[in-house]
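Residue numbers (the working numbering): 370 to 565.
First the structure, in the form of structure tokens, and then the observations on it.
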Ligand SMILES: Cc1cc2nc3c(=O)[nH]c(=O)nc-3n(C[C@H](O)[C@H](O)[C@H](O)COP(=O)(O)O)c2cc1C
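Following this line, the structure appears as structure tokens:
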């Protein structure tokens, strides 16, 4: 069931990365359901190399936060300010014994499943790859044969970024009111019908 009776299409099209969150918890039950749809995502050769760590413990969240880099184009303006930190994280791991490389497609599918399922419940998210992997591995006790790949930061949105038609630059920006604007290539510039 999607929020506000929006269609599935509208929920997907209206999704924006959220980096500022309300100080409201996301339930453990929802977090586990998100991992469940991550688990059910398409997987090349159905090898299913991915595993997930849910982080919702206050002390541990405070250790994860400094491992993350937010909104590089406008840093430090884009990241969560004090009191706007994520309510929880899902850290996505790839078992390199199951699949040494090319697990990134599986990661993409699992992450998108999880972030859209979160969105349908009104929970915003930011997918982060700019992470201090060594530090995060140590904080979470991840064994060496697992790649610490992506972090999904989650929480109820405290911002409402807007998509804009992209001009010259792909760089997102903040306006005078602090609202984030995200340039997106126009459909006409990416769509080819029948031939290039
Ligand atoms: C693979 C991937 C890695 C990303 N890594 C980061 C990151 O490390 N830090 C961050 O703030 N945002 C990160 N993002 C979010 C992008 O900046 C964001 O998706 C992009 O600006 C477009 O905005 P939108 O998600 O609202 O459409 C990442 C997104 C993807 C797909």
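Glycine included, C-beta positions come from ideal geometry on N, C-alpha and C.
Just so it is clear, the structure is predicted and the values come from calculations on it, not from any experiment.
ask   = Heavy atom of ligand 1 less than 8 Å from the Cβ of residue 515, yes or no?
value = No.
query = Relative to the C-alpha of residue 457, which residue among 419, 502 and 484 is closest?
reply = The candidate whose alpha carbon is nearest that of residue 457 is 484.
request  = Collect the residues with a C-beta less than 5 Å away from any heavy atom of ligand 1 and give them in sequence order along the chain.
outcome  = Residues with a Cβ closer than 5 Å to any heavy atom of ligand 1, in chain order: 385, 386, 439, 440, 496, 497, 498, 499 and 551.
query = Alpha carbon to alpha carbon, what distance is there between residue 514 and residue 397?
reply = One alpha carbon belongs to residue 397, the other to residue 514, and they sit about 27 Å apart.
query = Considering only residues of the segment 453-489, which uninterrupted alpha helix (DSSP H) runs meet the minimum length of 4 residues and lie entirely inside it, listed in chain order?
reply = The segment 453-489 contains these whole alpha helix (DSSP H) runs: 473-489.
request  = Since I believe residue 407 is in contact with residue 464 (beta carbons under 8 Å), could you give me their beta-carbon distance rounded to a whole number of angstroms?
outcome  = In fact, because the Cβ distance is near 14 Å, the residues do not count as touching under 8 Å.
key: Outcome for residue 494 when other beta-carbon atoms lying within 10 angstroms are tallied against a minimum of 16   = Residue 494 comes out buried.
query = Which value, in whole angstroms, describes the spacing of the CA atoms of residue 449 and residue 439?
reply = The alpha-carbon of residue 449 is positioned some 8 Å away from that of residue 439.
key: Beta bridge counterpart(s) of residue 395 as assigned by DSSP   = None, per the DSSP bridge assignment.
task = Compare the Cα-Cα distances from residue 395 to each of 384, 564 and 423 and report the closest residue.
result = Ranked by Cα distance from residue 395, the options 384, 564 and 423 are led by 423.
task = Tell me, please, which residues DSSP counts as bridged to residue 321.
result = Limits of the chain in this structure are 370 at one end and 565 at the other, which puts residue 321 out of reach.
task = Examine chain D for any beta-carbon lying closer than 9 Å to the beta-carbon of residue 410, and answer yes or no.
result = Included in the structure is just one protein chain, with no chain D present.
key: Check whether residue 572 and residue 525 have beta carbons under 9 Å apart   = In the structure as shown, the chain starts at 370 and stops at 565, and residue 572 therefore has no counterpart that could be examined.
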